[in-house]
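Going line by line, the protein sequences match chains A and B. Residues 3 to 97, numbered by this note's numbering, are exactly what the first sequence covers, in order. Residues 98 to 284, numbered by this note's numbering, are exactly what the second sequence covers, in order. Notes to accompany the following structure.
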Amino acid sequence: MIIDHPLLGPRDSSEFVYLGDARMLDRPDPDAPDAARAFYEYGYLRDNPAGPHRELWFHEGGDRSWLVVTRDTVTHEITRVEMARDVARAKGRST
Amino acid sequence: MHSLTPITALGGAQPRIDTIAEMTLTENPGLALASIAARRGHEEACKDHLRALIGDVPGPGRSQLHDPEAAFWTGPDNWMAGAPFDTHEDLAAQLKARFGETASITEQTDAWVCFDLRGDGIEAVMERLCAIDIRTMVTGDAQRTVIHHLGFFVLRRDPADWLRILGPRASAGSLHHAIVTAMKAVA
Chain A
3 MIIDHPLLGP
13 RDSSEFVYLG
23 DARMLDRPDP
33 DAPDAARAFY
43 EYGYLRDNPA
53 GPHRELWFHE
63 GGDRSWLVVT
73 RDTVTHEITR
83 VEMARDVARA
93 KGRST
Chain B
98 MHSLTPITAL
108 GGAQPRIDTI
118 AEMTLTENPG
128 LALASIAARR
138 GHEEACKDHL
148 RALIGDVPGP
158 GRSQLHDPEA
168 AFWTGPDNWM
178 AGAPFDTHED
188 LAAQLKARFG
198 ETASITEQTD
208 AWVCFDLRGD
218 GIEAVMERLC
228 AIDIRTMVTG
238 DAQRTVIHHL
248 GFFVLRRDPA
258 DWLRILGPRA
268 SAGSLHHAIV
278 TAMKAVA
């Protein structure tokens, strides 16, 4: 499997480490009144789609950047690769 | 007073040199290194300092070959700077004085082992070691990938039959073994 890194181009998947659902980026507000419930869902509840899935990959054997990879869990086809920091910043984080 | 004898990354009093067929692998203890990480909000000021130091800011997968200091890209807003150890043993302190609050500078000299691989056949050696497409790399290209589960940098130098390999110093023996084994396989 080849992952088309946004900065470095196509790279072998052996250089990457898989984390899981990209919703890990959306850490709930710990000060919100329903924080306990939100963190329960954040920590434990995952969809398990047969189809396109946004997930976090770490370029451990490369530039050590986190990527958000959109991968079809049925065919392994990768349709989109983004820098996780760009995704987070688009949501107003770490700007 | 202590009387300490400096040794190289491979533990010798002198740098190790292996010549196999037309290829030479040389342990290079003469390199001072420091990493540069731009601080948030100071990215452009940090790049201005880097440009003033070495003439350009290397982008993804590239190095800026320059004397005495040089640098290559290691990640977004991150670079590794190198210079001759004899004149720049305090490279990190020199860079910190220049970059100030725009970047976090970390001493890296003793974290890495440096090998210079030269000669005909070095592309075939790298093809046996890692997943990098070494034949598409030109002078000035710098990539990080994996040899035998060890993350390492490979820099294509000038002339192009010269590769510089930076690997984790604590695993210098393992990396050396891997490279020499591949050199023998190619020879």
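Glycine is no exception: its CB is placed at the ideal position from the N, C-alpha and C atoms.
Within the region 146 to 171 of chain B, 156, 157, 158, 170, 171 place their CB atoms closer than 9 Å to a CB of chain A, listed in sequence order. Bounds of any beta strand (DSSP E) do not take in residue 188 of chain B; it lies within the alpha helix (DSSP H) bounded by 188 to 196.
B/263 is the residue among B/276, B/263, B/259 whose C-alpha sits nearest the C-alpha of residue 206 of chain B. The distance from the Cβ of residue 4 of chain A to that of residue 18 of chain A is about 10 Å, inconsistent with a contact at the 8 Å cut-off. Collapsing the DSSP output to three states places residue 133 of chain B in a strand. For the region 227 to 260 of chain B, the set of residues with a beta-carbon nearer than 7 Å to any beta-carbon of chain A comprises 228, 241, 242, 243, 248, in chain order. Between the beta-carbon of residue 58 of chain A and that of residue 24 of chain A there is about 5 Å, and that keeps the pair under the 8 Å contact cut. In terms of beta-carbon proximity, residue 67 of chain A lines the interface with chain B, with at least one pair separated by less than 7 Å. Contacts between residue 14 of chain A and chain B, judged by CB atoms closer than 7 Å, involve 228 in chain order. Residues of the region 61 to 89 of chain A whose Cβ lies closer than 8 Å to any Cβ of chain B, in chain order: 62, 63, 64, 65, 66, 67, 85, 87. Here the C-alpha atom of residue 196 of chain B lies approximately 18 Å from the C-alpha atom of residue 172 of chain B. Residue 81 of chain A is not bridged by DSSP to any residue. Residues of chain A whose Cβ lies closer than 9 Å to the Cβ of residue 173 of chain B are, in chain order, 9, 65, 67, 85, 87.
Just so you know, the alpha carbons of residue 190 of chain B and residue 248 of chain B end up roughly 26 Å apart.
Assigned with DSSP and collapsed to three states, residue 268 of chain B falls in helix. Within the same chain, Cβ atoms closer than 6 Å to the Cβ of residue 60 of chain A are found at 19, 68, the five residues on either side in sequence being excluded.
For residue 171 of chain B, the enclosing beta strand (DSSP E) has its first and last residue at 167 to 172. Secondary structure of residue 147 of chain B (DSSP, three-state): helix. Taking C-beta separations shorter than 8 Å and ignoring five residues to either side along the sequence, the partners of residue 216 of chain B in its chain run 118, 119, 120, 121, 258, following chain order.
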